[in-house]
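**Q** Supplied in C-alpha cells, the structure appears directly below.
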Amino acid sequence: MLVIRVVALAIVVAVATYFVGWICVPIIGAVYAIAIRRSSAPVESALAALLGWGALLAWVSFLPAFTALLAKLGGIFPLPGVGVAVLTLVFAVALAWSSARIVSAVVVRG
Amino acid sequence: MALSRTGTIIAAVVLAGTGWIGARGAGPVPALGPLLDPANGLWSSIQTAELPTDATVAIPGLSADTRVVYDDRDVPHIFAPTIADAYRALGYVVARDRLFQMEMQARAGAGTLTELAGKATLPLDQQTRELGMPRAAEQRAQGFDSTSQYGLQLAAYTAGVNSYVDLLKPRDYPVEYKLLSRAPGHWSAEKSFNLMMRMGWTLASSDDELTNLRISAVIGKPATEALFRTHSPIVDPIQPNAYATARFDSISVPAPGAPDTAALAVLNTIGDRGIATLAALASPRGPDAVGSNNWAVSPKRSASGYALLAGDPHLELSLPSIWYEVHMVVPGKLDVYGVTIPGAPGVVIGFNRKVAWTFTNVGADVMDYYLETVDDAASPKQYKLDGAWKPLAIRPEVYRGPKGELLHTDTMRFTHRGPLVKVGKRWVSVRWTVLESTRDYEAFGEASTSISASGMLDSAAAIYDAPAQNMLAADNGGTIAIRSTGRYPVRPDSGRGDILRDGSKSSSDWIGRWSLAEYPQGENPTRGFLSSNNQEPLDPRDQPRYLGSNWERPWRGMRINELLRNDSAVTPEAMRLYQSDPGSARADFFVPVFLAASAPAAAVTRSEKLTRASALLAEWDRKYTKDNVRAVLFEAAMQQVSRLLWDELRVDSTAQLPLPSDMIMASLVSQPNNVWWDDHRTTVVETRDALFASALETALDMVIKQYGQPTGANWRWDHVRFANIYHLLRMPSFSRLKVPVQGGSATLWPSTGNGQHGPSWRMVVELGPTVRGWATYPGGQSGNPFSARYDNRVDQWSHGELDSLRVPATEAELSKAQQHARLVLTPRR
Numbered sequence: 016m017l018v019i020r021v022v023a024l025a026i027v028v029a030v031a032t033y034f035v036g037w038i039c040v041p042i043i044g045a046v047y048a049i050a051i052r053r054s055s056a057p058v059e060s061a062l063a064a065l066l067g068w069g070a071l072l073a074w075v076s077f078l079p080a081f082t083a084l085l086a087k088l089g090g091i092f093p094l095p096g097v098g099v100a101v102l103t104l105v106f107a108v109a110l111a112w113s114s115a116r117i118v119s120a121v122v123v124r125g
Numbered sequence: 037m038a039l040s041r042t043g044t045i046i047a048a049v050v051l052a053g054t055g056w057i058g059a060r061g062a063g064p065v066p067a068l069g070p071l072l073d074p075a076n077g078l079w080s081s082i083q084t085a086e087l088p089t090d091a092t093v094a095i096p097g098l099s100a101d102t103r104v105v106y107d108d109r110d111v112p113h114i115f116a117p118t119i120a121d122a123y124r125a126l127g128y129v130v131a132r133d134r135l136f137q138m139e140m141q142a143r144a145g146a147g148t149l150t151e152l153a154g155k156a157t158l159p160l161d162q163q164t165r166e167l168g169m170p171r172a173a174e175q176r177a178q179g180f181d182s183t184s185q186y187g188l189q190l191a192a193y194t195a196g197v198n199s200y201v202d203l204l205k206p207r208d209y210p211v212e213y214k215l216l217s218r219a220p221g222h223w224s225a226e227k228s229f230n231l232m233m234r235m236g237w238t239l240a241s242s243d244d245e246l247t248n249l250r251i252s253a254v255i256g257k258p259a260t261e262a263l264f265r266t267h268s269p270i271v272d273p274i275q276p277n278a279y280a281t282a283r284f285d286s287i288s289v290p291a292p293g294a295p296d297t298a299a300l301a302v303l304n305t306i307g308d309r310g311i312a313t314l315a316a317l318a319s320p321r322g323p324d325a326v327g328s329n330n331w332a333v334s335p336k337r338s339a340s341g342y343a344l345l346a347g348d349p350h351l352e353l354s355l356p357s358i359w360y361e362v363h364m365v366v367p368g369k370l371d372v373y374g375v376t377i378p379g380a381p382g383v384v385i386g387f388n389r390k391v392a393w394t395f396t397n398v399g400a401d402v403m404d405y406y407l408e409t410v411d412d413a414a415s416p417k418q419y420k421l422d423g424a425w426k427p428l429a430i431r432p433e434v435y436r437g438p439k440g441e442l443l444h445t446d447t448m449r450f451t452h453r454g455p456l457v458k459v460g461k462r463w464v465s466v467r468w469t470v471l472e473s474t475r476d477y478e479a480f481g482e483a484s485t486s487i488s489a490s491g492m493l494d495s496a497a498a499i500y501d502a503p504a505q506n507m508l509a510a511d512n513g514g515t516i517a518i519r520s521t522g523r524y525p526v527r528p529d530s531g532r533g534d535i536l537r538d539g540s541k542s543s544s545d546w547i548g549r550w551s552l553a554e555y556p557q558g559e560n561p562t563r564g565f566l567s568s569n570n571q572e573p574l575d576p577r578d579q580p581r582y583l584g585s586n587w588e589r590p591w592r593g594m595r596i597n598e599l600l601r602n603d604s605a606v607t608p609e610a611m612r613l614y615q616s617d618p619g620s621a622r623a624d625f626f627v628p629v630f631l632a633a634s635a636p637a638a639a640v641t642r643s644e645k646l647t648r649a650s651a652l653l654a655e656w657d658r659k660y661t662k663d664n665v666r667a668v669l670f671e672a673a674m675q676q677v678s679r680l681l682w683d684e685l686r687v688d689s690t691a692q693l694p695l696p697s698d699m700i701m702a703s704l705v706s707q708p709n710n711v712w713w714d715d716h717r718t719t720v721v722e723t724r725d726a727l728f729a730s731a732l733e734t735a736l737d738m739v740i741k742q743y744g745q746p747t748g749a750n751w752r753w754d755h756v757r758f759a760n761i762y763h764l765l766r767m768p769s770f771s772r773l774k775v776p777v778q779g780g781s782a783t784l785w786p787s788t789g790n791g792q793h794g795p796s797w798r799m800v801v802e803l804g805p806t807v808r809g810w811a812t813y814p815g816g817q818s819g820n821p822f823s824a825r826y827d828n829r830v831d832q833w834s835h836g837e838l839d840s841l842r843v844p845a846t847e848a849e850l851s852k853a854q855q856h857a858r859l860v861l862t863p864r865r
C-alpha cells in the first residue's frame, strides 16, 4: 500500500510539474500531508518528489542532446553535470519534505 | 509518532530557504525553481535542441501552405507562394533557431540590455542612448511606409517572429532566458531598426577628431597630419587606378614639434573624463579589428569562363554566429540564397540565379563632432547658432531592470545636428549618417531580386546610406562591378571631417553629399578582377577630396591583388584557398628590412644574440600557418619597432595614445635618417637600421622568455594566436575558445591579439548557367548551446574549408537523404 501510495504521488508530482511547474511540489507535499494525516507523510512526499522528478530527468536523459547538456552545465553551475542532476533532485526532495513536515506538525497529533 | 518541534523548525527553515531561492534566487544565483524544473527549466532546453523531422504549424496571416525544408547542412529552404509568405516564414524559422540572439542584439541597439541582464549593462545602454540610436530607430519606425513593398515584407517578417513567440511555452524558451529568469518579448519593426543602428555603430563610427587633438597636443599639428594622414601612403585602391601594383608615395614626416596650444586648450577643457567619453562614442578600432575581404574575377581570368565572387566579411566572432544561412524561393518572383542577420528581414549577403553580391566596410568618416555653446553648462536647454539661442530637443531616458524596477534616469539632448553629449566641461554634438539612414533593408531586398551586377549596385546606391559598404557584385553575364556605396558628406572649407568643428556657426554644417559619379567604383576592369579590403578606396591622385582618414592598412589588399594577378585561370577552389592564404605583404616588406639591418649591426657589435635572431628570422617563409615556428619572432620584433619608433608619443601623463599604423612605418623605411628613428631617451642618434636591429634582438629575448627556446613547440603559431568565439553572455561552457587559425596581423585571414574578430562568413560563388556556391561560418545554425547544430561548423571554418551549398529551385530537387527536417506552415484561419 505504501509503495502504491508513493508511486501514485510521484506520478502526480511529475504530471503537475509538467503542466504547472516546480511550485506544485511543495503544494502537493502539503496537500498530501493533510490528506493522509500521518507522521510518515514528509518522508513519503520526499520519496515521491525524488521519484517524480527522477522520472522526468530520466525522460530527458534519452534525448540526443543530454550528453552535451551535462558537459556544458559545469559552465553554468560550479558543479559537474551529474552534480546539477543531484542538486535538482535534492531541491525537489527539500521542497516536498519540508512542506509536508510543517503541515504534518499541525494535522498529526501525537 | 509525535513530531518534534525541532524537526518542524528545521522544516520551516528548509522550506523558507528553498522557496526563496526557488522563486527569487539569491545574489548571482538565479531563481532555482524554474531553472531546475526538469519539465520546464534548464533540463527541458534540450527538447528543442534538434529539429523534429516533420512538423506542421498553423500560423496566422499566411495566404497558403509554405514549406520549409532543412537540408543536411541545416539550412532552411523556404518554398512560399508569395513574397509576404516567404518573409513571414523567414521570421518564423530564424526565431525558431535564434530567438535569444535576436532579442539581445536588438536590445543592444535600443539601449535596454538592463531589462534583460540587469544593472551591469547600464554603461552600455547609456552609451547607446547617448548616441541617439533608440531615438533614431523610433523615428524611423514612425516614418516607415508600412504599405510599401518593403513595409509589407517587414510586417510579414515581424508577424512570423511573433507567431513563433506566441506558440512558446516556458519549457520551450531558449536556455538563456531561463538563466536570466526572463521571457521572450514580441518582435517589432523598431527592433529590426535597432539592430541595424548597432551594426552601424560597429562599422561606421569614428573618433579621428579626438586622435588628432590628442596627438597634436603632444607633437604639434604638422607631425600629426603626417602620421595620421587623410590619404594612405601606400596606394592600392579599390577603384582600379593606372598602376599595376601598389604605389608607395613618398611622404614627408616632420620632426615632433611643439605641442599645439589650441588642441591643448580643448583637451584641458574637456579633461580626462571628457576624453574617455568622446573615445567611447566610437566603436573600438585596432589593426584588423573589423576588416573584411571581397574580390571578383572576370570570366577571362577564371578557369571555367564564368565570373567568380568571394565574400569574406570580418566581424566580432560570437556564438551563435551573427549570420544565419537561408534560402527563399517564391516561384517566378524570388530565389535568393545567403545569410541574414537574425532580426533583419532578408538576405544581406548572398546570391540569386543571376547575381551574387557581398560587402566590405568602407570606413569612411561619416561621424562628425561639433563643440557647442550652451546656455547652462550643467543642464542646457538651448544652444547658440549664428548668434541666436536655439532650443534643444529634450528626451528623458529611463533605464529599468529585469523586474521593471527603476535603475537610472538620464536626460538626452539633441541639436539640429544630432545628439548632444557632455564631454568634461563642454558639450559636443554629433552628426552621423547612421542616425539618418532609413532604407538599408530595402537595399538588401533589391539585391535579392536583381538581375545584373550593375543593376544591383545602382538600385542599392539609390537608397542605401549607411553604414557605407564596398558593394561587390558579379553576374552570369560575366560582369563584375564594385561601388563604395553610402552617404558621404560634403563639408565646408577644408572639407575635413577629422577636426572638431565650431558648433556655434551654421557654416560648420555639412553642405551636401557626394554625387554617385564621385563614388569609388569600377566595372569590368582590364586587369580582370576587382577587390576591396577596407583600404582607402580611391587613389588620391584621381580624387583628392576628403573621404576619411587613418585608413585601414593596405596589406591584405596588396596580397590578394598579387595572388589574383598571378593566377590567369582562377578556380573556386583557388578562391577558397586565397580566403585563408597565410602569406603576408606586410612580412614580405618588413622581413628584408630586418635582415638588411641586422647583418651589419651584428658585425659591428659582435652580438651573437642578434646574429641568432637574424638567422631565425631568415628561416621564416613569411607565412602564418598553424605549425609555423618563426612568425612569433617577427610579430614580437614588429612590436618592438613600434615601441622604439613612436617613443615620442609615449607620454606618462595621459592614457596611451593611438599609434600610427605600420604603413607609416613602411613609408619611413625609405628615409633611414629621419629623426623619428632616433630614440629620444638615449644620448646617441639612432638610425633606421640601428632601431630594427635593436628591436629584433630584444624580440628574441622576449619570445624566449615567454615561449622558451626556438626549438620547442611553444613557438608554433597556433600556440600563440587563436580564435576565441564567445557566447553572447560570455559563458565559457557555451563558447569555443582557443580555436587554432591560420593567419596573423594583416593576412587575408587576420587574427587579432584577443582572437575575438575574424572571418564571419566565407562565401565563393561561380556565376555560370547554373549558379554554384560554397560557404561556411564559425558557428552553427542553432542558437541552442546543447544542439549538435550550435557550433558544428567551427572546425571546418578553422581548417579554411567550405561546404558546397545546395540551391534547389524546387523542393523535389533535394533528395530525401539531403532533407534533414521539414516544417509545413499552414494558414491559421
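From first to last, the protein sequence lines are chains A and B.
Read left to right, the first sequence gives residues 16 to 125 (the numbering used here).
Read left to right, the second sequence gives residues 37 to 865 (the numbering used here).
Even glycine gets a Cβ: it sits at the ideal position worked out from N, Cα and C.
Which runs of the beta strand (DSSP E) at least 3 residues long sit entirely within the stretch 430–456 of chain B? Give them in chain order.
**A** Within the stretch 430–456 of chain B, the complete beta strand (DSSP E) runs of at least 3 residues are 442–450.
**Q** Within the continuous beta strand (DSSP E) that includes B/F387, where are the two ends?
**A** Locating residue 387 of chain B in the second sequence gives position 351, counting from the first residue. From DSSP, the beta strand (DSSP E) with B/F387 extends over I385 to F387.
**Q** Can you find a CB in chain A that lies within less than 7 Å of the CB of B/V665?
**A** Taking the first residue of the second sequence as 1, we reach residue 665 of chain B at position 629. No, B/V665 does not count as interfacial toward chain A.
**Q** Closest to B/A131 by CA distance: which of B/M169, B/T164, B/T183 and B/D202 is it?
**A** What you label residue 131 of chain B is simply residue 95 of the second sequence in a count that begins at 1. That would be B/D202, whose Cα lies nearest to the Cα of B/A131.
**Q** Can you list, in chain order, the residues of its chain with a C-beta nearer than 6 Å to that of B/G558? Leave out the 5 residues immediately preceding and following it.
**A** Within the second sequence, the letter at position 522 stands for residue 558 of chain B. Contacts found: Q275, P276, I518 and L566.
**Q** Does the Cβ-Cβ distance between B/P295 and B/D285 come in under 7 Å?
**A** Position 259 of the second sequence, counting from 1, holds the residue named residue 295 of chain B. Position 249 of the second sequence, counting from 1, holds the residue named residue 285 of chain B. No, these two residues do not count as a Cβ contact at 7 Å.
**Q** Given a cut-off of 7 Å, decide if B/P356 and B/G815 are closer than it, judged by their beta-carbon atoms.
**A** The sequence position of residue 815 of chain B within the second sequence is 779, counting from 1. The sequence position of residue 356 of chain B within the second sequence is 320, counting from 1. Yes; because the gap between Cβ atoms is below 7 Å, this pair is in contact.
**Q** Who are the neighbours of A/I91 on chain B, taking C-beta pairs under 8 Å?
**A** Locating residue 91 of chain A in the first sequence gives position 76, where the first residue counts as 1. Result: L78, L215, M767 and S769.
**Q** B/N50 versus chain A: which residues are under 7 Å apart at the beta carbon?
**A** As a first step, residue 50 of chain B must be located in the second sequence, where it is residue number 14. Note that residue 50 of chain B is Val in the sequence shown, not Asn. The contacting residues are A109 and S113.
**Q** I'd like to know whether the C-beta of B/I82 is nearer than 7 Å to at least one C-beta of chain C.
**A** The question asks about chain C, but that chain is absent: this structure's protein chains are A and B.
**Q** For A/R20, decide whether its Cβ has a neighbour in chain B, counting only Cβ atoms nearer than 7 Å.
**A** For the purposes of this step, residue 20 of chain A is identified with residue 5 of the first sequence, where counting begins at 1. For A/R20, the answer is no, since every Cβ of chain B falls outside 7 Å of its Cβ.
**Q** Mapping the DSSP letters down to three states, classify B/G377 as helix, strand or coil.
**A** On the second sequence, residue 377 of chain B is found 341 positions in, with the first residue counted as 1. The sequence as given places Ile at residue 377 of chain B; Gly does not occur at that position. Three-state DSSP puts B/I377 in coil, outside helix and strand.
**Q** Report yes if the CB atom of A/C39 is closer than 7 Å to the CB atom of A/A50, and no otherwise.
**A** For the purposes of this step, residue 39 of chain A is identified with residue 24 of the first sequence, where counting begins at 1. For the purposes of this step, residue 50 of chain A is identified with residue 35 of the first sequence, where counting begins at 1. No. Outside cutoff.
**Q** Does A/Y47 come within less than 7 Å of chain B when only Cβ atoms are used?
**A** Taking the first sequence and counting its residues from 1, the one referred to as residue 47 of chain A is at position 32. Closer than 7 Å: no.
**Q** Using a Cβ-Cβ cut-off of 6 Å (strictly less than) and excluding sequence neighbours within five positions of B/A144, which residues of its own chain qualify?
**A** One-based indexing of the second sequence puts residue 144 of chain B at position 108. Result list for B/A144: R234, in chain order.
**Q** Ignore the nearest five residues each way along the sequence and tell me which others in B/G481's own chain have a CB closer than 7 Å to its CB.
**A** As a working note, residue 481 of chain B is residue 445 in the second sequence. Excluding positions up to five away in sequence, the list reads Y186, Q189 and G382.
**Q** Whose Cβ in chain B lies nearer than 8 Å to the Cβ of A/L94?
**A** Position 79 of the first sequence, counted from the first residue, corresponds to residue 94 of chain A. By Cβ distance, chain B contributes nothing, its closest Cβ being about 12 Å from A/L94, past 8 Å.
**Q** For the beta strand (DSSP E) containing B/N397, name the first residue and the last one.
**A** Counting from one through the second sequence, the residue named residue 397 of chain B turns up at place 361. That run of the beta strand (DSSP E) goes V391 to N397.
**Q** From this set, B/V410, B/E151, B/M767 and B/F450, which residue's C-alpha is nearest B/D422's C-alpha?
**A** The count along the second sequence starts at 1 and reaches residue 422 of chain B at position 386. Residue B/V410 is the option with its Cα nearest to B/D422.
**Q** Measure the beta-carbon distance from B/V104 to B/A125 and round it to whole angstroms, keeping in mind my assumption that it falls under 8 Å.
**A** Within the second sequence, residue 104 of chain B is the residue found at index 68, counting from 1. Within the second sequence, residue 125 of chain B is the residue found at index 89, counting from 1. Right, their Cβ atoms sit about 6 Å apart.
**Q** Which chain B residues sit within Cβ distance under 7 Å of A/R52?
**A** Indexing the first sequence from 1 puts residue 52 of chain A at position 37. Residues of chain B passing the Cβ test: none, with the nearest at roughly 12 Å.
**Q** Which class does B/L773 belong to by DSSP, given the choice of helix, strand or coil?
**A** Along the second sequence, read from residue 1 onward, the residue named residue 773 of chain B stands at position 737. Strand at B/L773.
**Q** Going along the chain, which unbroken runs of the alpha helix (DSSP H) with 4 or more residues stay wholly within the stretch 699–787 of chain B?
**A** Within the stretch 699–787 of chain B, the complete alpha helix (DSSP H) runs of at least 4 residues are 724–743 and 753–756.
**Q** Please classify B/P636 as buried or exposed, where buried requires at least 16 other C-beta atoms within 10 Å of its C-beta.
**A** Translated into positions along the second sequence, residue 636 of chain B becomes position 600. Exposed is the call here.
**Q** What's the C-alpha gap between B/S604 and B/E802?
**A** Taking the second sequence and counting its residues from 1, the one referred to as residue 604 of chain B is at position 568. Taking the second sequence and counting its residues from 1, the one referred to as residue 802 of chain B is at position 766. Approximately 16 Å, taken between the alpha carbons.
**Q** So for B/K458, helix, strand or coil by DSSP?
**A** Sequence index remark: in the second sequence, residue 458 of chain B carries index 422 (1-based). Strand.
**Q** Between the C-alpha atoms of B/M699 and B/I306, what's the straight-line distance to the nearest angstrom?
**A** Position 663 of the second sequence, counted from the first residue, corresponds to residue 699 of chain B. Position 270 of the second sequence, counted from the first residue, corresponds to residue 306 of chain B. In a straight line, the C-alpha of B/M699 is about 31 Å away from that of B/I306.
**Q** How far does the alpha helix (DSSP H) with B/P636 in it extend, from its first residue to its last?
**A** What you label residue 636 of chain B is simply residue 600 of the second sequence in a count that begins at 1. Taken as a continuous stretch (DSSP letters only), the alpha helix (DSSP H) holding B/P636 covers A621 to T641.
**Q** State the beta-bridge partners of B/K426 as determined by DSSP.
**A** Position 390 of the second sequence, counting from 1, holds the residue named residue 426 of chain B. Beta-bridge pairing links B/K426 to B/Y419.
**Q** Checking contacts by CB at 7 Å: is B/A848 closer than that to chain A?
**A** The residue labelled residue 848 of chain B in the question sits at position 812 within the second sequence. No, because no Cβ of chain A sits closer than 7 Å to the Cβ of B/A848.
**Q** So what does DSSP say about B/I516, is it helix, strand or coil?
**A** Position 480 of the second sequence, counted from the start, is the residue given in the question as residue 516 of chain B. Correct three-state label for B/I516: strand.
**Q** Can you tell me the Cα-Cα spacing of B/P70 and A/G36, whole angstroms?
**A** For this step, residue 70 of chain B is matched to residue 34 along the second sequence. For this step, residue 36 of chain A is matched to residue 21 along the first sequence. When rounded, the distance between both Cα atoms is 7 Å.
**Q** I'd like to check one pair, B/K645 with B/P618: are the Cβ atoms closer than 7 Å?
**A** Reading the second sequence from its first residue, position 582 is the one you call residue 618 of chain B. Reading the second sequence from its first residue, position 609 is the one you call residue 645 of chain B. No, they are not a contact pair.
**Q** How would you label A/W68, buried or exposed, when you count the other beta carbons within 10 angstroms and need 16 or more for buried?
**A** Counting from one through the first sequence, the residue named residue 68 of chain A turns up at place 53. Buried is the call here.
**Q** Does the CB of B/A47 have a neighbour CB from chain A at under 7 Å?
**A** Here residue 47 of chain B refers to the residue found at position 11 of the second sequence. Output row for B/A47: interface = yes.
**Q** Within its chain, find whatever has a CB closer than 6 Å to the CB of B/V705; leave out the 5 residues flanking it on each side and keep chain order.
**A** What you label residue 705 of chain B is simply residue 669 of the second sequence in a count that begins at 1. So the qualifying residues of the chain are V629.
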